[in-house]
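A short write-up of the structure that comes next.
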Amino acid sequence: MFTYAEIETQKNFSNYVRKFWVLDNVASPLYSAGKYTLPNGCFTLAFVSGGGLIWENEYGTKHIDAGIYLIGQTTKRLKVSLLPHTKAIMAQLNPWAASLITALPLSELTDDFLSLEELDKRCYTKLIDVEQLDQDAVVAKFYEVFGPRFNAYSNNTDLLQALCNRFAADVVSPSLTMGDVASYAGYSKRYIEKKFDNHIGLSPKGFHSILRMRGVINDLDKNELSLTELCYKYGYYDQSHFIKSYSKIMGSRPTGFNSDQYILPISFKR
Numbered sequence: 001m002f003t004y005a006e007i008e009t010q011k012n013f014s015n016y017v018r019k020f021w022v023l024d025n026v027a028s029p030l031y032s033a034g035k036y037t038l039p040n041g042c043f044t045l046a047f048v049s050g051g052g053l054i055w056e057n058e059y060g061t062k063h064i065d066a067g068i069y070l071i072g073q074t075t076k077r078l079k080v081s082l083l084p085h086t087k088a089i090m091a092q093l094n095p096w097a098a099s100l101i102t103a104l105p106l107s108e109l110t111d112d113f114l115s116l117e118e119l120d121k122r123c124y125t126k127l128i129d130v131e132q133l134d135q136d137a138v139v140a141k142f143y144e145v146f147g148p149r150f151n152a153y154s155n156n157t158d159l160l161q162a163l164c165n166r167f168a169a170d171v172v173s174p175s176l177t178m179g180d181v182a183s184y185a186g187y188s189k190r191y192i193e194k195k196f197d198n199h200i201g202l203s204p205k206g207f208h209s210i211l212r213m214r215g216v217i218n219d220l221d222k223n224e225l226s227l228t229e230l231c232y233k234y235g236y237y238d239q240s241h242f243i244k245s246y247s248k249i250m251g252s253r254p255t256g257f258n259s260d261q262y263i264l265p266i267s268f269k270r
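Okay, so the sequence shown: first residue is 1 according to UniProt numbering, each after it adds one.
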């Protein structure tokens, strides 16, 4: 089994980077047992060394070789296994941060990943020269390379952040409509939908649904509410609607939830 660790983000970068998390199977000559990660509204920049990762979801199985990758929004739970002698250092990016790394329409990366070498050769060259097993060196180089982009003022980034925070503030409210969000932002619904498609990688509705489901998962993990209470708290029409929405993302029913199968502490929060 690989080990899991987190590295706190420097305060001046916390608006863009939620945290760094590390999956370590370097000492093992064996494949690790798989664990699930969940959609969380965030992007990931992954530094992979060694044999690589195996990524499995309902769309299929992919092998991620050693390298540096931007991982897009995920819409289904994802099973991750590490090959022997592998380490993965992940920067969890807030939803509005990925558009500062690439101009690629981010809907093209949804449930997928792409090498940073293809997205930005210059940044890739700077980052790949760092010892990829040294997490402190990787994190320091990440700040050095991307810090200027994160620190540069952007009206677009401010708007995306405000919109994402608006959805996060009403995660338990199914009555939140695009009309509400458009009125709050002062832009048309079509404009906001286009912004989300290009810069967040999901529709506004899809983004809100994922945040809502993460709230459900957090409460399931606490095991303090019944399914009926969860259904009511998060505004699902009825238990049938709740179970259907849950199964669409999780591939199972909520009664089968087992937190030991998941890497849980990685969600977007307002």
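The C-beta atom is built at its ideal place from N, Cα and C for all residues, glycine as well.
Can you tell me whether residue i is buried or exposed? The criterion is at least 16 other CB atoms within 10 Å of its CB, across all chains shown.
i	result
residue 250	buried
residue 270	Residue placement at residue 270 cannot be trusted, given a pLDDT of 48 that sits under 50; what the coordinates show is reported in the next sentence. Exposed is the call here.
residue 95	buried
residue 40	buried
residue 266	Residue placement at residue 266 is poorly supported in this model, since its pLDDT is 47, which falls under 50; the coordinates still yield a value, given next. Residue 266 should be labelled buried.
residue 213	buried
residue 77	buried
residue 25	buried
residue 98	buried
residue 199	buried
residue 162	exposed
residue 234	buried
residue 208	buried
residue 245	buried
residue 248	exposed
Nearest to residue i by CA position, among the options, is which residue?
i	options	result
residue 33	84, 192, 127, 20	84
residue 45	69, 36, 38, 52	69
residue 260	15, 117, 20, 36	36
residue 8	25, 82, 89	89
residue 119	102, 113, 112, 185	102
residue 222	13, 247, 258	258
residue 263	27, 80, 65	80
residue 12	238, 59, 151	151
residue 114	75, 235, 62, 160	62
residue 15	121, 87, 149, 27	149
residue 10	124, 136, 56, 28	136
residue 158	100, 55, 38	100
residue 30	75, 54, 82, 38	82
residue 112	58, 165, 238	58
residue 116	245, 211, 64	64
residue 42	75, 56, 144	75
residue 186	129, 169, 160, 86	160
residue 210	56, 167, 104	167
residue 27	177, 87, 60, 194	87
Please return the same chain residues whose Cβ sits closer than 6 Å to the Cβ of residue i, not counting the five positions on each side in sequence.
i	result
residue 5	22
residue 132	47, 49
residue 126	145
residue 130	137, 138, 141
Could you name the residues of the same chain whose beta carbon sits closer than 7 Å to that of residue i, not counting the 5 residues immediately before and after it, in chain order?
i	result
residue 201	72, 73, 106, 107, 109, 110
residue 139	7, 20
residue 182	188, 189, 192
residue 194	none
Using 7 Å as the limit for Cβ to Cβ distance, is residue i near chain D?
i	result
residue 148	The question asks about chain D, but that chain is absent: this structure has only one protein chain.
For residue i and residue j, which I take to be in contact (beta-carbon distance under 8 Å), what is that distance rounded to the nearest angstrom?
i	j	result
residue 141	residue 92	About 17 Å; that fails the 8 Å criterion.
residue 206	residue 171	With 8 Å as the limit, residue 206 and residue 171 do not qualify as a contact, their Cβ atoms being about 14 Å apart.
residue 254	residue 225	Not really, about 11 Å apart at Cβ, beyond 8 Å.
residue 53	residue 217	Rounded, the Cβ-Cβ distance is 22 Å, inconsistent with contact.
residue 197	residue 188	Between residue 188 and residue 197 the Cβ distance is about 14 Å, and since that is not below 8 Å, they are no contact.
Which residues in the same chain have their Cβ closer than 8 Å to the Cβ of residue i, if we skip the five residues on either side of it in sequence?
i	result
residue 238	231
Which runs of the beta strand (DSSP E) spanning at least 3 residues fall entirely within the region 93-125, listed in chain order? Runs of the beta strand (DSSP E) inside the region 93-125: 113-115.
Please specify which runs of the beta strand (DSSP E), each continuous and at least 3 residues long, are wholly inside the UniProt domain "HTH araC/xylS-type" (161-260), giving them in chain order. Fully enclosed beta strand (DSSP E) runs of 3 or longer: not present.
Report the residue ranges of all beta strand (DSSP E) runs contained in full by the region 9-73; include only those spanning at least 3 residues, in chain order. Counting only runs of 3 or more, we get 17-24, 35-37, 43-49, 53-57, 60-64, 67-71.
Please give the ranges of any alpha helix (DSSP H) in the region 127-161, keeping only runs that are unbroken, at least 4 residues long and fully inside the region. Segments of the alpha helix (DSSP H) lying fully in the region 127-161: 135-151.
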